[in-house]
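Structure record follows, encoded as structure tokens.
In our numbering, the protein residues as written are 23 to 333.
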């Protein structure tokens, strides 16, 4: 039987993995599961540090653990990393002491014993008498599967301006989209043709509906709001993204930073314009959304990091 070496542990890496879980279970925490994608990211970073002569969570291109793991194909948002470097010691020595060394450092200990982490990849690499050890942690509260198909989508564009004495909330199909701050504002929204748009003014402890219209209509008349808008449509490149989620209630978001899109259950299919960049999956909690997964709309080739994305 053949194995992909990029995902296979060495005996010493397995020993560090075993000692890590032993330390966690001794303190009443659950054991971590091995993750091949986290391992691939850890191994590349260990080799890169040794070959280019640096020791840091951030590489010379400015990419930290989050970007490097995302570039490798990790979808989860919460990740962590521990590093260690030994000079003049054998790999066997490093494997035997590194977990205790990490436990002796508060910052490394916090990662190693973080209850939220569920998966782990560990690389132990030797180059020219130096041994680098990298732990890449992932918090995977639930697993999702993703398929992507190129498509084209018709989108609506509202260019608007107006004024109001208080904050105005913009809701699309009853989902909050953005806030407009007084006294005056202008902007642009992309949304599906036929969407229902509501404008609401903040009063005391909540939003009070000012007007509601369905595209292509953009008219809004109210006592406390002035509104002007122009509506148009165009067809743009998109990707049909299919998500399979475990049983339960979830929310989708979109954009380089997550903006709420819609609630979903089970299987969700989204025709996502390319300029959204990312879809996000989250769990509703106490009138907010805790986003847990970030999904590139385009498949990212492993090893090709996306610059400009910060955790």
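The C-beta atom is built at its ideal place from N, Cα and C for all residues, glycine as well.
1) In the region 235-322, which residue ranges form an unbroken beta strand (DSSP E) of at least 3 residues, counting only runs that do not cross its ends?
2) Hey, could you find the ends of the beta strand (DSSP E) residue 122 is sitting in?
3) For residue 253 and residue 206, I'd like the C-alpha separation in whole angstroms.
4) Threshold first: 4 residues or longer. Then list the alpha helix (DSSP H) segments lying entirely within the region 167-245, N to C.
5) Just the Cα atoms here: how many angstroms apart are residue 119 and residue 209?
6) Skipping 5 residues on each side, what residues in its chain have a beta carbon closer than 6 Å to that of residue 228?
7) Can you say whether residue 269 is buried or exposed, counting buried as having 16 or more other CB atoms within 10 angstroms of its CB?
8) Can you give the beta carbon distance from residue 319 to residue 294, rounded, assuming they're within the 8 Å contact cut?
9) Measure from the alpha carbon of residue 285 to the alpha carbon of each residue in 274, 147, 42, 298, then state which is nearest.
10) Select from 215, 203, 117, 204 the residue whose C-alpha is nearest the C-alpha of residue 195.
11) Does the distance from the C-beta atom of residue 182 to that of residue 222 stay below 9 Å?
12) At a cut-off of 8 Å, is residue 149 close to the ligand NAP when judged by its beta-carbon and the heavy atoms of the ligand?
13) Pop quiz: residue 91 and residue 158 are said to be a contact at Cβ under 8 Å. What is the actual Cβ separation, rounded to whole angstroms?
14) Report the CB separation of residue 40 from residue 135 in whole angstroms; it is logged as a contact under 8 Å.
So, from the data block:
1) 248-276, 281-295, 300-307, 310-318
2) For the purposes of this step, residue 122 is identified with residue 100 of the chain shown, where counting begins at 1. Here residue 122 belongs to no beta strand (DSSP E); instead the alpha helix (DSSP H) covers 113-125.
3) Numbered from its first residue, the chain shown carries residue 253 at position 231. Numbered from its first residue, the chain shown carries residue 206 at position 184. If I take the Cα positions, the gap works out to 20 Å.
4) none
5) Position 97 of the chain shown, counted from the start, is the residue given in the question as residue 119. Position 187 of the chain shown, counted from the start, is the residue given in the question as residue 209. Near 57 Å, if we compare the C-alpha coordinates of residue 209 and residue 119.
6) Taking the chain shown and counting its residues from 1, the one referred to as residue 228 is at position 206. Closer than 6 Å at Cβ, skipping near neighbours: no residue.
7) As a position in the chain shown, residue 269 is number 247, starting the count at 1. The residue is exposed, with fewer than 16 neighbouring Cβ atoms inside 10 Å.
8) For the purposes of this step, residue 319 is taken as residue 297 along the chain shown, with counting starting at 1. For the purposes of this step, residue 294 is taken as residue 272 along the chain shown, with counting starting at 1. Right, their Cβ atoms sit about 5 Å apart.
9) Translated into the one-based positions of the chain shown, residue 285 becomes position 263. Comparing Cα-Cα distances from residue 285 to each of 274, 147, 42, 298, the minimum goes to 274.
10) As a working note, residue 195 is residue 173 in the chain shown. That would be 215, whose Cα lies nearest to the Cα of residue 195.
11) Walking along the chain shown from the start, residue 182 turns up at place 160. Walking along the chain shown from the start, residue 222 turns up at place 200. Going by C-beta atoms, residue 182 is not nearer than 9 Å to residue 222.
12) Because no ligand of any kind appears in the structure shown, any question about the ligand NAP cannot be addressed here.
13) Taking the chain shown and counting its residues from 1, one reaches residue 91 at position 69. Taking the chain shown and counting its residues from 1, one reaches residue 158 at position 136. Yes, they are in contact, since the Cβ atoms of residue 91 and residue 158 sit about 6 Å apart, within 8 Å.
14) In the chain shown, counting from the first residue as 1, residue 40 sits at position 18. In the chain shown, counting from the first residue as 1, residue 135 sits at position 113. Not really, about 16 Å apart at Cβ, beyond 8 Å.
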